[in-house]
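Asker: Okay, here's the structure, questions in a sec.
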Amino acid sequence: MSGPAVLMRGIGKSFDGVRVLDQVDFEVRHGEIHALVGGNGAGKSTLMKILEGVYPLEEGSIEIEGSPVRFRSSHDARLAGIAMIFQEFSLVSTLSVAQNVYLTRESSDRLGLIDDREMERRTRALFETMEVDIDPGRAVDDLPTAERQLTEIAKALSQDARVLIMDEPTSSLGRSETVLLFALMERLKAKGISIVYISHRMEEVFEVADRITVLRDGRNVWTEAIDDVTPKGVINAIVGREDERGFEWRPREGGGGEILLEIRGLSSGPRLRGVDLELRKGEIIGLAGLMGSGRSELARAIFGIDRIDAGEIVLNGRPVTVGSPQDAIDSRIALIPEDRHEQGLVMDHSVRENALLPLLARLSRLGIVNDARGDRVVDAYVDSLAIKTRGTDLPVRLLSGGNQQKVVIAKWLATEPMILIMDEPTAGVDIGTKYEIVERIRDFAAAGNAVIFISSELPELLAVSDRVLVMRDGRVERTIPRLEIGSEEDLHHAVQGVH
Amino acid sequence: MAQGGSTDSIGGSLRRASRAFDWRQYVIYIGFVIIFVFFAITLSGSGFLTPTNLLNVFRQTAVITVMAVAMTFVIGAAQIDLSVGAVAGLASVTTAMAIHSFGLVPGIAVGLLTGLLVGSINGALVAIVAIPSFLVTLGMLGIARGAAMWITDTAPQPIAEETYNFAFGSGDLGPVPTLAIWAIGAVIIGHIVLRKTRYGRRVLATGGNAVAARFSGVNTRQMTFLVFAVMGVFAALGGMLYAGRLHSGRFQWGDGDELSVIAAVILGGTSLFGGRATVIGTFLGALMIGLINNGLILMGLESSQQMIVRGVVIVAAVALTRRK
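Chains as they are written, first to last, in the numbering used here: chain B, 799 to 1297; chain W, 76 to 399.
What follows is the structure, encoded as structure tokens:
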């Protein structure tokens, strides 16, 4: 019991020769809430995966309570008292709360059979110490998100976890649930349990954290007591100074055409609560906002994937009903989805088949696909987007991430949309391809079309957008013309809601 | 304090009671009763309700029940085994041949080992080589059936060992057929293992969410391997019961049983997607299929019509038990 709860020193990690962590020191004291912040790709998750035993320790050392450890699996880390509260929950939804909490550590009766009553009793006692009220016998399936998260925490505590790692724990919680979670975190802290709190939400970081560590480009920029820093200071440290990455905004012509798309009071599900938006011909608007602010949900609603509960969509002055993606395609709206593996491509199908999938109806006569016409379309886009492939018959899974993304873009440009919605189109794409994608977006808009561009990477958002809409809690909170945004920091402040 | 405690537990049990009242879970029971009453009324003159007839239903479904108990674990682990019928046929002939050559006890051992061997190969291919169980066991269906035909030259293998025939399906202990004892025994043991042991809990966790199970310390590959190995043994036992009841081993025994076995499990309320399973439900599912077959025969329907009615009932029942 000497030394801090966790002491990581000189941690380094490379993937395929790319340095993602370099000489990182990270210390967690007993009974503190330690915020870990940084931009996308700063190395937060990698550092935590090393601490949880998911990635092996290659460079540097880890000490728990002063004694050196070397985890071979996440199970080892659990035994040492390190527990990850998963962002995507790690519960078996078909089992009950108590059965999940004690999975693999079931109570047994005299005959050696599982004693569910005893487990429910112990779980109930555990919930009492946490001061939460969940029926331990309920199936996890029936629990709301917040209660699943509490179940995960109970599971970790039942294993005598001393350090909890929470990755964006509030991203799927409402405000009142967040308050309850923070109160629980305070109580755990009082019992000497340490919490590593990963979050993009600066307000919440300043609300709960005792200390804060900023990572940027795989390095620890600094670790400070929360009282010694300001939100602006933290944001500056996250962004850094030199990091413009060559994305420059160029004034563009023709952004002020007539109104193409108008959205009024659009609501859908719990995450979208009355969005108003106006999109003109030739215009590119950027959607900024935190995780869970409703950006992807807006894209899904416009494209007819999620059911619209209220509000209207007016296209070219006429109200339209978009009940399915086919309706959207017919209205000449295209969506480049967030996850190209799951939503964008059929990975085992060829470049050609993927690119033509939304076009099949248009290329067919009496149900027979006109292959020659299809080939011409595909070849034209492979050319114009400079897709590097050994042939259009190659399965897309053999292409690099950047080229796969270009296939998704080709697939949707081929439908000749007027409105292109792009959700994180540069995620997992190399820097060269990012420039090309940005260039394509500009060309597309310059031809009199319009783009809704969603990105968490503020430099590229600033590079292409004529206006930036900041979303928060399912609404458009602010609309800022590009020329009024001085720097990336300004936009950061707007997204975080600090002034 | 004591008062507070008791109010709590009353509140708790009320909550539990209301939670438990999800009628979907009871479709199999309701359906079973409806079908039983329907046949009891419409077929009251045709001897449906006589003890002999009902015992017959039991006898006819016993082998399916035994195999379906193990299949409940396979499907609960989000896997499938299509080879059970063929394995039953193979085990029936290996048992018969071993009894002929080596005697009773070696015969029984060879039969069970046949199932264990085939099940272990299935399990290893699914759990370790990571081939989908649908493909592995579809292949094994052909292999096991072919092997049974090959080693017997497609000839029936008679069993003259009376003790064997008595114990494995021909005999009666008082009024109770031995077949029924096997079936009931399998159901009781299966129910306890699924509900009350760590093994059962881990199987369900594996089927419900393999990633979460692994992160909780469940060896999901081991669980997958084991459900197939045990399935093999139970399929072999099913074949041995056919052999004992019909005094011979034949490669045809069990032909097509995989469909009845899977139907019984799904009808019983076990989720085809894994994670949710019930052995008691499976038992009723098997009995329900038996009742339908029996009732339709007594109604004088042709076998072609029986097949259609059976198919409709199964699809309808599964549709009703589906959660949204």
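No residue lacks a Cβ here, since even glycine has one placed at the ideal position from N, Cα and C.
1) List, in order along the chain, the chain B residues whose C-beta lies closer than 7 angstroms to that of Phe290(W)?
2) With respect to the beta strand (DSSP E) encompassing Phe813(B), which residues constitute its N-terminal and C-terminal limits?
3) Per DSSP, what kind of secondary structure is Gln1294(B) in: helix, strand or coil?
4) Can you list, in chain order, the residues of its chain with a C-beta nearer than 8 angstroms to that of Glu1095(B)? Leave out the 5 residues immediately preceding and following it.
5) Please look up how many angstroms separate the CB atoms of Ser119(W) and Gly314(W), rounded, as I've assumed it's under 8 angstroms.
6) Just checking my contact of Leu962(B) with Ile883(B) at CB under 8 angstroms: how many whole Å lie between their CB atoms?
7) Less than 9 angstroms between CB atoms is the rule here; does Arg876(B) satisfy it with respect to chain W?
8) Check the Cβ-Cβ distances between Thr147(W) and every residue of chain B, and say whether any is below 9 angstroms.
9) Under 9 angstroms between the Cβ atoms of Ile226(W) and Thr170(W)?
10) Relative to chain W, which residues along the segment 940-955 of chain B have a C-beta separation below 7 angstroms, given in chain order?
11) Among Ile1239(B), Arg1017(B), Lys811(B) and Asp1025(B), whose alpha-carbon lies nearest the alpha-carbon of Ala1035(B)?
12) Do you know offhand how far Tyr274(W)'s Cα is from Val159(W)'s?
13) Among the residues of its own chain, which have a CB less than 6 angstroms from the CB of Phe869(B), if the five just before and after it don't count?
14) Short of 6 angstroms in beta carbon distance, which residues of its chain neighbour Glu1275(B), apart from the five on each side in sequence? Order them along the chain.
15) Can you tell me whether Ala959(B) is buried or exposed? The criterion is at least 16 other CB atoms within 10 Å of its CB, across all chains shown.
16) Decide yes or no for the touch test of the segment 339-353 of chain W against the segment 144-156 of chain W: beta carbon pairs closer than 8 angstroms, at least 3 of them.
17) Can you check whether the CB of Gly343(W) is closer than 9 angstroms to the CB of Ala143(W)?
18) Taking the CB atoms as reference points, tell me whether Phe1242(B) and Pro1223(B) lie closer together than 9 angstroms.
19) Looking only at its own chain, which residues have a Cβ that is under 7 angstroms from the Cβ of Leu1088(B), when we skip the five neighbours before and after it?
20) Can you tell me whether Gly244(W) is buried or exposed, with buried defined as 16 or more other CB within 10 angstroms of its CB?
21) So, does the CB of Phe884(B) fall closer than 9 angstroms to a CB anywhere in chain W?
22) Tell me which residue opens and which closes the beta strand (DSSP E) that Thr1277(B) is part of.
23) Do you know offhand how far Tyr995(B)'s Cα is from Thr968(B)'s?
24) If I follow the unbroken beta strand (DSSP E) through Leu819(B), where does it start and stop?
25) Pick helix, strand or coil for Asn240(W), following the three-state DSSP scheme.
26) Closer than 8 angstroms by beta-carbon distance: list the chain W residues that pair up with Ser970(B), in chain order.
27) Using a Cβ cut-off of 9 angstroms (strictly closer), state whether Arg276(W) contacts chain B.
28) Would the segment 174-184 of chain W and the segment 300-309 of chain W be scored as touching if the rule is three or more Cβ pairs under 8 angstroms?
29) Quick check on this structure: which residue in Glu1002(B), Lys989(B) and Gly990(B) has the alpha carbon closest to the alpha carbon of Leu979(B)?
30) As a quick exercise: from Arg903(B), Leu1059(B) and Ile991(B), pick the residue whose alpha carbon is nearest that of Ala1248(B).
31) So what does Ser1065(B) bridge to, in DSSP terms?
32) Which residues does DSSP list as the beta-bridge partners of Ser859(B)?
33) With respect to the alpha helix (DSSP H) encompassing Thr169(W), which residues constitute its N-terminal and C-terminal limits?
34) Starting from the C-beta of Leu192(W), find all residues in its chain whose C-beta is less than 6 angstroms away, skip the five residues before and the five after it, and write them out in chain order.
35) Would you list, in chain order, the members of the segment 281-306 of chain W that have their beta-carbon closer than 8 angstroms to a beta-carbon of chain B?
36) On the three-state DSSP scale, how would you describe Gln380(W)?
Answerer: Working from what's here:
1) By Cβ distance, chain B contributes Ser872 and Ser888.
2) Taken as a continuous stretch (DSSP letters only), the beta strand (DSSP E) holding Phe813(B) covers Val804 to Phe813.
3) Three-state DSSP puts Gln1294(B) in a helix.
4) The answer, listed in chain order, is Ser1066, Gly1067, Arg1069, Leu1070, Asp1104 and Gly1272.
5) About 37 angstroms; that fails the 8 angstroms criterion.
6) Confirmed, about 6 angstroms.
7) Answer yes: the Cβ-Cβ gap between Arg876(B) and chain W drops below 9 angstroms somewhere.
8) Output row for Thr147(W): interface = no.
9) Cβ atoms of Ile226(W) and Thr170(W): not closer than 9 angstroms.
10) Within the segment 940-955 of chain B, no residue has a Cβ that lies closer than 7 angstroms to any Cβ of chain W.
11) When only C-alpha atoms are compared, the closest one is Arg1017(B).
12) Cα to Cα, the separation comes out at about 22 angstroms.
13) So the qualifying residues of the chain are Gly851 and Ala875.
14) For Glu1275(B), same chain residues with a beta-carbon under 6 angstroms away, outside a window of 5 residues either side, are Val1268 in chain order.
15) Answer is buried; the Cβ neighbour count reaches 16.
16) Taking one beta carbon from each stretch, the segment 339-353 of chain W and the segment 144-156 of chain W have 3 or more pairs nearer than 8 angstroms; the two touch.
17) The criterion of a C-beta distance shorter than 9 angstroms is satisfied by Ala143(W) and Gly343(W).
18) Going by C-beta atoms, Phe1242(B) is not nearer than 9 angstroms to Pro1223(B).
19) Once the five neighbours on either side are set aside, the close Cβ partners of Leu1088(B) are His998, Arg999 and Val1293.
20) Gly244(W) counts as buried, since at least 16 other C-beta atoms from the protein chains shown sit within 10 angstroms of its C-beta.
21) Yes - at least one Cβ of chain W is within 9 angstroms of the one on Phe884(B).
22) Going by DSSP, Thr1277(B) is part of the beta strand (DSSP E) stretching over Arg1273 to Pro1279.
23) So the two alpha carbons sit approximately 10 angstroms from each other.
24) Taken as a continuous stretch (DSSP letters only), the beta strand (DSSP E) holding Leu819(B) covers Val816 to Val826.
25) Annotated three-state conformation of Asn240(W) is helix, per DSSP.
26) Simply none; closest approach about 17 angstroms.
27) Interface residue, yes.
28) No, because fewer than three Cβ pairs between the segment 174-184 of chain W and the segment 300-309 of chain W fall closer than 8 angstroms, the two stretches do not touch.
29) Distances from the CA of Leu979(B) to each of Glu1002(B), Lys989(B) and Gly990(B) were compared; the closest alpha carbon is that of Glu1002(B).
30) The residue with the shortest Cα to Cα distance from Ala1248(B) is Leu1059(B).
31) According to DSSP, which records beta bridges pairwise, Ser1065(B) is partnered with Arg1071(B) and Ala1108(B).
32) Partner(s): Arg807(B).
33) Unbroken alpha helix (DSSP H) run through Thr169(W): Val159 to Phe177.
34) Spatial neighbours of Leu192(W) in its own chain (CB-CB distance under 6 angstroms, excluding positions within 5 residues in sequence) are not present.
35) So the close ones are Gly282, Gly283, Asn284, Val286, Ala287, Ala288, Phe290, Ser291, Gly292 and Val293.
36) Residue state, collapsed to three classes: helix.
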